[in-house]
Every structure is written in C-alpha cells, then in structure tokens.
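Okay, so here's the structure we're looking at.
In my numbering, the protein residues as written are 1 to 370.
Quick look at the structure:
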C-alpha cells in the first residue's frame with residue numbers, strides 16, 4: 001500500500017496566499033496530497049482545499065477579497081467600548097473578533113462542515129489551548145487510524161468536537177491581534193490561540209499523527225536573514241516577526257527529532273518578507289510567487305505534466321534524505337528572491353498604522369458620547 005503524501009502549510013498571516021500558488025503548481029504535476037496540515041494562515045487554505053476547493057477556485061476566492069478588508073476584519077468594538085467606559089484594559093483580549101472570517105469560511109466550506117465529512121483529503125488543524133498550554137490538533141482521528149489514550153496521541157491532544165470553521169478560527173488567533181477562540185466542552189470553556197505559538201510549521205504532526213514519511217512543506221516564515229526597520233513598522237509587524245523567529249527556532253528543533261529525520265521532506269520557501277499582516281492588496285502577487293517558485297523547483301527535479309502522479313512523486317523524493325529546502329540558502333536563486341520582494345520599491349511614506357487609526361476612532365467616539 002502506497003504511503004500517504006502529506007502537505008504541510010505553515011503560518012504567515014496574509015502571506016498564506018502563497019500556499020494557493022504552491023497548490024496550483026502541485027496540481028499541474030499531479031501531486032495532490034492525501035493529507036494536509038495547516039496552521040494559522042495555512043489552516044484557511046488547508047481547510048478549503050481538503051473540503052474540495054480546487055487551486056483555481058482558491059485563487060479566485062482569495063483575489064476576490066484582496067480589497068475587502070472590512071469583510072474580513074471585524075474589530076473588537078465591544079471590548080474597546082467596555083475598556084473605555086470602565087478604564088480597564090482587561091476587556092480587550094484582542095483587536096479583531098475573528099467572527100467575520102469564521103462566517104466566511106463556514107459559507108465557503110459548503111456542505112463539508114465537519115472533519116468526519118472529509119473524503120478526498122484528510123485534514124489536521126493545530127491550535128494551542130490557552131488554558132493548559134497544550135498543543136491541540138483537530139482532525140478525524142478515526143479515519144487516520146490512530147488510537148487515543150485519554151484523548152492524546154504522541155503528546156498531542158486530539159479533538160474533533162469543533163466544526164472545521166471553528167477549528168480554523170482557533171488556529172488563526174494570533175495573540176493580541178485576534179481574540180482567543182472560546183468554546184464549551186464537557187462543562188468547561190476552553191480558549192484557543194494561534195497554532196503557530198507552539199508549532200508554526202507542523203512537520204512533526206504530519207510525521208507523528210499523520211504517519212507520513214514523504215512530505216511537501218511550505219514554510220513562509222523567517223529563514224535567518226536580516227529584516228530591516230521592523231521596529232518602525234508598528235506593533236503588529238513586531239509581533240509577526242517575533243512569531244516568525246519562534247517558528248524558525250521550532251523548525252530547527254523539529255529537524256532533530258528521530259522520526260522526522262527518517263522522513264523525506266521537501267520544504268518550499270517563497271521568501272516573502274515585505275508583506276504586512278493585513279496587506280491583502282498583494283494577494284495576486286503572493287499567489288504568483290508561490291506558483292513560480294514551486295514550478296521552477298519541480299521542473300529542476302525532472303517532473304513533467306505528462307508523467308503520472310507516481311512517477312513525479314518518485315522523482316521529487318529521489319535522493320532526498322531527511323529535510324531539504326528550496327531554494328537552498330546561498331544559491332543564486334535564493335538571493336534573487338530576497339532581492340525581489342513583492343512590494344514596489346517606492347520612497348517610504350509614513351502612513352498611520354492600524355493602532356494609530358484605532359486610537360483616533362476611540363477618541364472620536366469618546367467625544368461623541370460626552
């Protein structure tokens with residue numbers, strides 16, 4: 001019996017649009033995965049793909065919302081107003097409620113609302129339980145053929161009581177930006193935050209829970225290079241860069257795991273660093289970048305559209321021992337991608353940050369209310 005081919009999609013906020021381009025290239029070479037794991041921004045792409053959306057449909061959906069931030073970002077006005085009237089900042093657990101994204105996902109998932117309804121591709125969504133600190137993976141563990149002991153497997157809590165949209169909402173809950181996702185279970189209210197806090201690039205979940213030994217991964221995080229002017233880019237970008245640095249450290253630790261070392265892993269990094277957390281206007285360019293980098297890699301490895309899935313898969317992993325990254329640091333293509341970021345190179349014009357805009361709105365509302 002052929003081993004499962006897993007696809008692991010890292011976090012990366014809006015940069016997760018690049019995952020769509022990667023899926024387009026994989027589809028071109030018939031490399032459809034059997035199992036997809038996505039955390040944070042990658043969870044959105046993973047869930048929609050597992051539910052049956054084609055890469056082309058995903059591209060159309062993402063580009064349709066590139067200028068619709070108001071449809072995606074529902075500010076936490078109840079928390080802001082409660083903090084304003086009580087002078088107690090504890091009412092603000094995050095700037096964005098996340099319900100708009102959850103509602104959009106529920107609509108786009110159509111008839112496939114629960115993990116048990118997935119047929120073509122199996123799905124895993126990692127999160128972190130804010131109350132206990134444990135990693136929680138939402139999936140249909142019965143379909144994956146794993147037996148739980150006290151709700152755990154390989155030191156991961158495994159759950160399926162949330163809908164797919166709720167699990168994704170939990171996984172994208174970047175601390176401080178999104179309010180934690182809270183749900184009731186067995187009489188307790190558990191709150192969940194971004195899966196990237198503990199596992200931003202969840203290769204270990206693919207190996208230990210998914211039992212995958214051949215993995216294609218997309219890592220949109222920091223890769224050890226210097227990034228300029230982060231501290232002048234506002235609190236969201238400082239937090240985003242901090243999480244990326246954490247993810248880089250997690251990734252290096254994961255590579256030392258014996259089970260991971262015995263797997264064949266090809267990691268793709270489109271090297272996108274200049275896109276801010278909410279800069280959805282660059283979605284088409286990020287999709288194109290993900291496609292171009294993956295397409296070039298697959299061509300260099302000798303894959304062809306005319307080949308079968310089995311032949312292309314064999315060529316992709318031929319000679320791969322442990323984990324390999326494309327493009328390799330120090331190569332000419334690596335430097336080319338670093339030098340050609342997504343945003344046009346224009347003189348820096350200081351614009352008010354979301355935080356500054358929010359403060360102005362709050363002051364205005366306070367004045368209006370007397």
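Note that the Cβ used here is the ideal one computed from N, Cα and C, for glycine as well.
Span of the alpha helix (DSSP H), counted from its first residue to its last, around residue 260
Against the chain shown, residue 260 aligns to sequence position 260. That run of the alpha helix (DSSP H) goes 258-261.
8 angstroms Cβ cutoff met for residue 277 and residue 10:
In the chain shown, the residue the question calls residue 277 occupies position 277. In the chain shown, the residue the question calls residue 10 occupies position 10. No; because the gap between Cβ atoms is not below 8 angstroms, this pair is not in contact.
Residue ranges of each alpha helix (DSSP H) within the stretch 101-165, 4 or longer:
141-144, all fully within the stretch 101-165.
Stretch pair the stretch 255-275 + the stretch 315-328: three plus CB contacts closer than 8 angstroms
Between the stretch 255-275 and the stretch 315-328, the count of Cβ pairs shorter than 8 angstroms is three or higher; the stretches touch.
So for residue 347, helix, strand or coil by DSSP?
Counting from one through the chain shown, the residue named residue 347 turns up at place 347. Model confidence at residue 347 stands at a pLDDT of 41, short of 50, so the residue's coordinates are unreliable; what they give is reported in the following sentence. When secondary structure is reduced to three states using DSSP, residue 347 falls in the coil class, being assigned neither helix nor strand.
Any idea if residue 251 is buried or exposed, counting beta-carbon neighbours within 10 angstroms, 16 or more meaning buried?
If you number the chain shown from 1, residue 251 lands on position 251. It counts as buried.
Excluding sequence positions up to five away, which residues of its chain have a Cβ less than 8 angstroms from the Cβ of residue 313?
Residue 313 sits at position 313 when you count from the first residue of the chain shown. Cβ neighbours of residue 313 beyond the five flanking positions: 5, 31, 214.
Output needed for residue 308: all residues of its chain with C-beta closer than 8 angstroms, excluding positions within five of it in sequence on either side, in chain order.
Taking the chain shown and counting its residues from 1, one reaches residue 308 at position 308. 30.
Where DSSP assigns a beta bridge to residue 96, which residues make up the other side?
Stepping through the chain shown from its first residue, residue 96 is reached at position 96. As computed with DSSP, residue 96 is found in a beta bridge with 75, 178.
Less than 8 angstroms between the C-beta atoms of residue 74 and residue 47, yes or no?
For the purposes of this step, residue 74 is identified with residue 74 of the chain shown, where counting begins at 1. For the purposes of this step, residue 47 is identified with residue 47 of the chain shown, where counting begins at 1. Not a contact, by the Cβ cut-off of 8 angstroms.
Alpha-carbon to alpha-carbon, residue 121 and residue 22:
Here residue 22 corresponds to residue number 22 of the chain shown, with the count starting at 1. Here residue 121 corresponds to residue number 121 of the chain shown, with the count starting at 1. So the alpha carbons of these two residues sit roughly 17 angstroms apart.
Measure the C-alpha to C-alpha separation of residue 207 and residue 165 and round it to an integer number of angstroms.
Numbered from 1 along the chain shown, position 207 holds the residue referred to as residue 207. Numbered from 1 along the chain shown, position 165 holds the residue referred to as residue 165. Spanning the two alpha carbons is a distance of roughly 24 angstroms.
Tell me the DSSP secondary structure of residue 1 in three-state form.
Position 1 of the chain shown holds residue 1. Because residue 1 sits at a pLDDT of 41, beneath the cut-off of 50, its placement in the model cannot be relied upon, and the following sentence gives the value as read from the coordinates. Residue state, collapsed to three classes: coil.
Apply the 10 Å Cβ neighbour rule to residue 186 and answer buried if 16 or more other Cβ atoms are within range, or exposed otherwise.
Stepping through the chain shown from its first residue, residue 186 is reached at position 186. Exposed, since its Cβ has fewer than 16 Cβ neighbours within 10 Å.
Please say whether residue 254 and residue 203 have beta carbons closer to each other than 8 angstroms?
Against the chain shown, residue 203 aligns to sequence position 203. Against the chain shown, residue 254 aligns to sequence position 254. Yes, they are a contact pair.
Buried or exposed: which applies to residue 67, given that a residue is buried once 16 or more other Cβ atoms fall within 10 Å of its Cβ?
As a working mapping, residue 67 is identified with position 67 in the chain shown. Within 10 angstroms of the beta-carbon of residue 67 lie fewer than 16 other beta-carbons, which makes it exposed.
Let me know if residue 199 comes out buried or exposed under the rule of 16 or more other beta-carbons within 10 Å of its beta-carbon.
Position 199 of the chain shown, counting from 1, holds the residue named residue 199. By the Cβ neighbour-count rule, residue 199 is buried, with 16 or more other Cβ atoms within 10 Å of its own.
Only counting the same chain, and skipping five residues up and downstream in sequence, which positions put a Cβ closer than 6 angstroms to that of residue 136?
For the purposes of this step, residue 136 is identified with residue 136 of the chain shown, where counting begins at 1. Around residue 136, the same chain offers 127, 129, 157, 159 as residues with beta carbons nearer than 6 angstroms, after the five sequence neighbours per side are excluded.
Going by other Cβ atoms of all chains shown within 10 Å of its Cβ, with 16 needed for buried, is residue 194 buried or exposed?
Indexing the chain shown from 1 puts residue 194 at position 194. Taking every protein chain shown into account, the CB of residue 194 has 16 or more other CB atoms within 10 angstroms, so this residue is buried.
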